[in-house]
Structures are given as C-alpha cells and as structure tokens.
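This report concerns only the one structure given below.
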Amino acid sequence: MTTDAPRHPGSFRHPGSFRDPAGFVAVREDHVLRVVLPPGRDDYALFAASPLAEKLREKQLILPFEEIPASESPHPGAAHVLRSPRLALYSFPYEWSVSQLRDAALLTLRVLRLALRHGMTLKDASAFNVSFAGARPVFTDLLSFTAYREGEPWAGYLQFCEQFLVPLLLSRRAGRAVSDLLRARHDGIPLDAGARLLRGWSSLRPGPLMHVHLHARSIRRDARRMRREGVSGRLAPAAAPRQSLKQTLALVDSLRRTVESITLPGGGSAWDRYYDDTVYSGAETRKKEDLVRGWIARVSPASVWDLGSNTGRYARLAADAGIPTAAFDADDAVVDAMYRDARERGDEHLTPLVMNLANPSPALGWAHSERESLEARGPAGLALYLGLMHHLRFTHMVPLEEQMSYLARIARHAIVEWIPREDVNVRAMTEGSVREGFAYSREGFLSALEGRFRVVESVVLGESGREMFLVSRT
Amino acid sequence: MKFFLLYVDPGTGSFIAQVLIAGFLGFLFAIRSWLYKMWRKMRGLPLEDDDD
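If you're matching them up, the sequences are chains A and B in order.
Per the working numbering, the very first residue in the first sequence carries number 18; after that it's consecutive.
Per the working numbering, the very first residue in the second sequence carries number 204; after that it's consecutive.
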C-alpha cells in the first residue's frame, strides 16, 4: 500500500482484494475506499441503517467511515462507496505478538456478538479483518457484516478456530514460533493439524476439547463420509443443521472464555533482560534521547519505523510526538511487553510488531499480491536504525553495503547509530570467533551510505565512541 | 439452497460440530440462567438483562 499510483497499472482495486463477491478495497494515498458491489448492496444497507454501525464507531471497534457518492468510484457498477482513513501501516497476524493476536480474537468476538444482537452476523472470521491503530485493534472489514438468518450456524466458526484459537493455544507451547507458522499458513493452521499438535493436556480442558478436538473429529468423520458417498453425501438444505440465536451466542461466549483463559508464557521478564543501553552512561543516554527527539521534530515525518526497537524507548519519542510509529523487534516477548504497556497507556500512535529485519515479512498469498511485503508497505518517512547494524553484521552476516541498500528502499530518512568495533557489545559478539575478521569499519559504513543517503548531521555521543547520524535519501 | 452459498465454506463436518457444541452450550446456559433467576427471585432481587 504505497502511493496513489497503483503498483499494478490500470487497476483501481487492491490486487489482493478479490475474495469477497460483495465488494473490494482500493487503497489511495490518505484513505481507503471500500466499493460495495451489487451482491453486497442489501447487507450494507442493513448495516448502515441499523444502530450497529453507530455503536461500533462509538466504541471505536471499527475505523470511522463515511459514504461518498458512488459516482466518485472509477469502478462501474459500484452500489456504494465507503471511505475510511488509511492507517499508516497495515500489519498482519504473523507480525503480531501473542497478546495482539489474543486482543484481535476478542475484538472479532465482540464485534460478532454486537452484530448478532442487531440482526446481523459476520460472514467470516479472518484475522486479516483486524489491524492495529496505534496499540488498539480495529475491525477493518465493513463488508464482513451480513444479515443474520434465523437458525443458521456461524459461517466463521472454523476460520476463527484456525486463524485465532489454534495459534493462541499453540503459543503456550511454541511461543514465538507461532507467528512463523502463521506466516507459512496465512489462512490459519488447519484444524486437523492443530488438534494433532495440541494433543494431550489441552484436550482435557472444555474449550479446546470442544472447539478444537471434537470439531476436528467431526470434520474428519464427515470427510470420510464424503469420500464414501461422493457429492450425494452432502446434506440437503432441508436437513441442514439449525441452531438458535441463543445457542450461537452461547458458542461465542464459550470461544471468548477459551481465548481469555489462554495465559501467556514468560511475560514480564523481557523488560529486565533488555537494555543494551546499560553500557551508556546516564548522560549519554539522555544525549541520545534528546538527539533523536530533536531529529524527529526536524524531519517531521508522516510515519516512523523503529527497525530494532527493543523495548521501544526511542520509538516512543516519535509516538509521543503524535507520529504513527511502528516498533519492530524480532523478540516476541519484548514486543508483547511493549504492546501490553502501550495498550494500557491507550497509546494512539505506537504499534509494536514482531519483525526480524534479517528476514522481514515477504509478499504472500495469490500471485504474491494478497499480503504485501514490508518493503511494499513503505517507505517510512523516517527509520530508526539504532543499535542494529552490528547485530545484523555479526549475527546475520549482512554486509554494511547491503544494510544501507535495504534501508534506502524502506525509508526516506533515517537515524543511524554507528557502534565502533571496540564497543563492549560488539567485542562480546566478535572476540575469539571468526567474526573478528568481518569487514566492519566507520569508513565502510560511510561508503555504504554513498549514493544512497547524504549525511545531514552526525554527533559523537561520548566516551563509548558511538556516533549518531541523521541521513536523508539522495 | 441459499443456506450453503456462503462466502467461506467450512463444510458440513464443521457445521455439524458447531450445531452440537452450540446446542450443548445453549443448554448449559439455559440451566445456568434458570438457576440464577431462581436465586435472585429467592432473595427478592430484580432481574437484569445482559448486553455488550
């Protein structure tokens, strides 16, 4: 989602927005359009006329939207066109920490419950229907609301289990690895695989027992029956199972309780573990903070990406200045702690995300077009590249030339910290290992900037020899 | 036929499971609400309605 000029020339529709026959999304420079097509007309009319839309807006569960004349859509045959503000960065479930996935699951259930109370329901339960505005999850898919028909089960049940419930239950065992699994299976972890992976302890608790194990068993049994009987094995509509609204609400409440009961592994300790900054004197840290704050104000970017944020100390400087800020860290536990802190403070601008810059989010889905890579969602107005270069150089063996080349692709301006080889943290990584031989010098760094960035200002922080650079793309 | 023309098709196996589970949970809920109502009645408390 980059600029007004579509990356696929000639297309108005977001290239990944093709699944829903009720409409599609088009991303413009500062807003997002949802085009409602004739198949979605009635559902949207019902949604817009019911107090549900107002309630969701009031409770800030969805992004604000307004209807604009359909004639403003270059797409012929649009029934309605809705305009919402565009988030600075749309994040995806595989970039969320466990608490973020949990909050997105609870948001989905809350939205569904409200919809059911107003004669509507959600036709799916995709985790991609949720994104984060600051540290607040918001439900983004307005086309997901559809009329509730008496007696119908919830169509999103299986999807909810595969995209939310199973990953959350697995996170108790696998922690960070769950977001990697979700990246590989962006449509969710198949229930059958989930049930096998969760065998044992979880099958003894009522929530997982019902929603994962019995659910998976029923699907397996039905698949066997279908193999035996062929298409004729499909239930006739008259024999279709029915469930009352009360039963559906009881199901939703049970899912909510199950999600709420998932406690998070580890937790708080991450805060203590970090702070590389301890090698700095207090004065140096303050100087670094003042410098970063000043440079952020000077660049005044529309968005900030902190590419290796740790606990988000510097990202918060940008967020506090009212700039939409994404704080990336590879460590799920650190991101989780940062998120919970930001959520408690009601932070409107800081979005912590799990991202390992050595292996950033790729483009995923059909024709690589459904979920954009990190780069395609940029460039950021300003990137913070603090205490990161030596990690990438010595842990992931990325040469400085490569690092600055990528940085120039994802950010217009950057604040880069140079940490000399003599620094105690760098020595801890290199001494006595083959890494001592890796090219890593200030001259090498400056030459890597050449042709990509110009140095606007540089400041030595103090005794440690660390040096801060404000650079702008040439 | 409209019933099965859904945007995502979870398949019959998932529907059957859901209907059974929701039926069971609805039953539990009904019992619990009934007990709760009785309990409030016995203490002479007014009945409340739940919403979001």
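No residue lacks a Cβ here, since even glycine has one placed at the ideal position from N, Cα and C.
Helix, strand or coil for residue i per DSSP?
i: histidine 243 of chain A; result: It is methionine, not histidine, that sits at residue 243 of chain A in the sequence shown. DSSP places methionine 243 of chain A in helix when its eight states are reduced to three.
i: aspartate 337 of chain A; result: helix
i: valine 415 of chain A; result: coil
i: leucine 209 of chain B; result: Note that leucine 209 of chain B has pLDDT 49, beneath the 50 cutoff, so the model's placement of it is unreliable and the number below is only indicative. Here leucine 209 of chain B sits in coil by DSSP.
i: aspartate 293 of chain A; result: Because the pLDDT of aspartate 293 of chain A is 49, which lies under 50, any placement of that residue in the model is unreliable, and the number read from its coordinates should be weighed accordingly. Aspartate 293 of chain A: helix per DSSP, three-state reduction.
i: arginine 483 of chain A; result: coil
i: proline 23 of chain A; result: Low local confidence applies: a pLDDT of 40 at proline 23 of chain A is under 50, so the model's placement there is unreliable, and no value is given.
i: isoleucine 279 of chain A; result: coil
i: isoleucine 313 of chain A; result: helix
i: serine 450 of chain A; result: coil
i: tryptophan 322 of chain A; result: strand
i: arginine 213 of chain A; result: helix
i: glutamate 392 of chain A; result: helix
i: proline 110 of chain A; result: helix
i: arginine 36 of chain A; result: coil
i: leucine 405 of chain A; result: coil
i: leucine 159 of chain A; result: helix
i: glycine 492 of chain A; result: With chain A covering 18 to 491 only, the question about residue 492 of chain A has no answer from this structure.
i: leucine 374 of chain A; result: coil
i: leucine 381 of chain A; result: strand
i: aspartate 204 of chain A; result: coil
i: glycine 329 of chain A; result: coil
i: tryptophan 218 of chain A; result: helix
i: histidine 2 of chain A; result: The question about residue 2 of chain A has no answer, for chain A in this structure spans 18 to 491.
i: leucine 268 of chain A; result: helix
At what residues does the beta strand (DSSP E) containing residue i begin and finish?
i: methionine 137 of chain A; result: 137-139
i: leucine 78 of chain A; result: Note, leucine 78 of chain A: premise wrong, no beta strand (DSSP E); not H, not E.
i: phenylalanine 345 of chain A; result: 342-346
At 9 Å on the CB atoms, spell out the chain B contacts of residue i, in chain order.
i: aspartate 120 of chain A; result: Under the 9 Å cutoff, chain B gives no residues; its nearest Cβ is about 16 Å from aspartate 120 of chain A.
i: histidine 232 of chain A; result: Gly216, Ser217, Ala220, Gln221, Ile224
i: alanine 210 of chain A; result: Residues of chain B passing the Cβ test: none, with the nearest at roughly 15 Å.
Given that residue i touches chain B, what residues does it touch there, using C-beta distances under 7 Å?
i: methionine 227 of chain A; result: Ile224
i: leucine 221 of chain A; result: What leucine 221 of chain A touches in chain B: nothing, since even the nearest Cβ is about 17 Å away.
i: leucine 69 of chain A; result: Ordered by position in chain B, no residue passes the 7 Å Cβ test against leucine 69 of chain A, which lies about 11 Å from the chain.
i: aspartate 239 of chain A; result: Gly214, Thr215, Gly216, Ile219
i: isoleucine 279 of chain A; result: Those within 7 Å of isoleucine 279 of chain A in chain B number zero; the least Cβ separation is about 18 Å.
i: leucine 54 of chain A; result: In chain order: nothing, as chain B lies at least about 13 Å away.
i: alanine 87 of chain A; result: None at all; the shortest Cβ gap to chain B is about 22 Å.
Terminal residues of the continuous alpha helix (DSSP H) containing residue i?
i: glycine 216 of chain B; result: 215-245
i: arginine 429 of chain A; result: No alpha helix (DSSP H) holds arginine 429 of chain A; the beta strand (DSSP E) holding it covers 428-435.
i: alanine 164 of chain A; result: It is not in any alpha helix (DSSP H) - alanine 164 of chain A instead sits in the beta strand (DSSP E) that spans 162-164.
i: arginine 200 of chain A; result: 194-201
i: proline 184 of chain A; result: 183-191
i: arginine 438 of chain A; result: Taken as a continuous stretch (DSSP letters only), arginine 438 of chain A belongs to no alpha helix (DSSP H), as it is neither H nor E.
i: valine 351 of chain A; result: 349-361
i: tyrosine 457 of chain A; result: Counting along the chain, tyrosine 457 of chain A falls outside any alpha helix (DSSP H), and DSSP gives it neither H nor E.
i: phenylalanine 64 of chain A; result: 58-66
i: alanine 144 of chain A; result: Neither: alanine 144 of chain A is in no alpha helix (DSSP H) and is coded neither H nor E.
i: phenylalanine 29 of chain A; result: Careful: phenylalanine 29 of chain A lies outside any alpha helix (DSSP H) and carries neither H nor E.
i: serine 6 of chain A; result: Because chain A in this structure spans residues 18 to 491, residue 6 of chain A falls outside the shown range and cannot be described.
i: glutamine 176 of chain A; result: 174-177
Please identify the residue among the options whose C-alpha is closest to the C-alpha of residue i.
i: arginine 103 of chain A; options: A/Lys140, A/Ala43, A/Gly404, A/Pro68; result: A/Ala43
i: valine 488 of chain A; options: A/Ser481, A/Val476, A/Gly482, A/Ala233; result: A/Val476
i: glycine 214 of chain B; options: A/Ala70, A/Ala233, A/Ile206; result: A/Ala233
i: leucine 106 of chain A; options: A/Glu392, A/Ala66, A/Leu231; result: A/Glu392
i: glycine 325 of chain A; options: A/Gly398, A/Ala347, A/Cys178, A/Ile340; result: A/Ala347
i: leucine 403 of chain A; options: A/Ala121, A/Leu175, A/Leu478; result: A/Leu478
i: leucine 99 of chain A; options: A/Arg58, A/Ser67, A/Arg134, A/Ala150; result: A/Arg58
i: glycine 136 of chain A; options: A/Gly299, A/Leu186, A/Ser261, A/Ala144; result: A/Ser261
i: valine 309 of chain A; options: A/Glu439, A/Gly33, A/Leu54, A/His430; result: A/His430
i: serine 217 of chain B; options: A/Leu133, A/Pro207, A/Pro38; result: A/Pro207
i: methionine 372 of chain A; options: A/His366, A/Asn327, A/Ala338, A/Ala336; result: A/Asn327
i: glutamine 40 of chain A; options: A/Ala87, A/Leu80, A/Arg189, A/Arg438; result: What sits at residue 40 of chain A in the sequence shown is glycine, not glutamine. The candidate whose alpha carbon is nearest that of glycine 40 of chain A is A/Ala87.
i: alanine 233 of chain B; options: A/Arg360, A/Gly482, A/His97, A/Ala267; result: A/Ala267
Residues of chain B with CB under 8 Å from residue i, in chain order?
i: arginine 74 of chain A; result: None at all; the shortest Cβ gap to chain B is about 14 Å.
i: glutamine 260 of chain A; result: Gln221, Val222, Ala225, Gly226, Gly229
i: proline 110 of chain A; result: Within chain B, no residue comes near proline 110 of chain A; the closest Cβ sits about 16 Å away, beyond 8 Å.
i: lysine 263 of chain A; result: Gly229, Phe232, Ala233
i: proline 170 of chain A; result: Phe218, Gln221, Val222, Ala225
i: serine 235 of chain A; result: Gly216, Ser217, Ile219, Ala220, Leu223
Just grab the DSSP bridge partners of residue i for me.
i: arginine 51 of chain A; result: A/Val42, A/Leu99
i: glutamate 474 of chain A; result: A/Leu487
i: glutamate 84 of chain A; result: A/Leu99
i: phenylalanine 149 of chain A; result: A/Pro154
i: proline 369 of chain A; result: A/Ala344
i: leucine 73 of chain A; result: According to DSSP, leucine 73 of chain A bridges with nothing at all.
Run through chain A and tell me which residues come within less than 7 Å of residue i, C-beta to C-beta.
i: leucine 238 of chain B; result: Simply none; closest approach about 15 Å.
So which residues on chain A does residue i lean against when the C-beta distance must stay under 8 Å?
i: glycine 247 of chain B; result: The contacting residues do not exist; glycine 247 of chain B stays about 27 Å from chain A at best.
Does any CB atom of chain E fall closer than 9 Å to the CB of residue i?
i: aspartate 59 of chain A; result: Looking for chain E here will not work: the only protein chains present are A and B.
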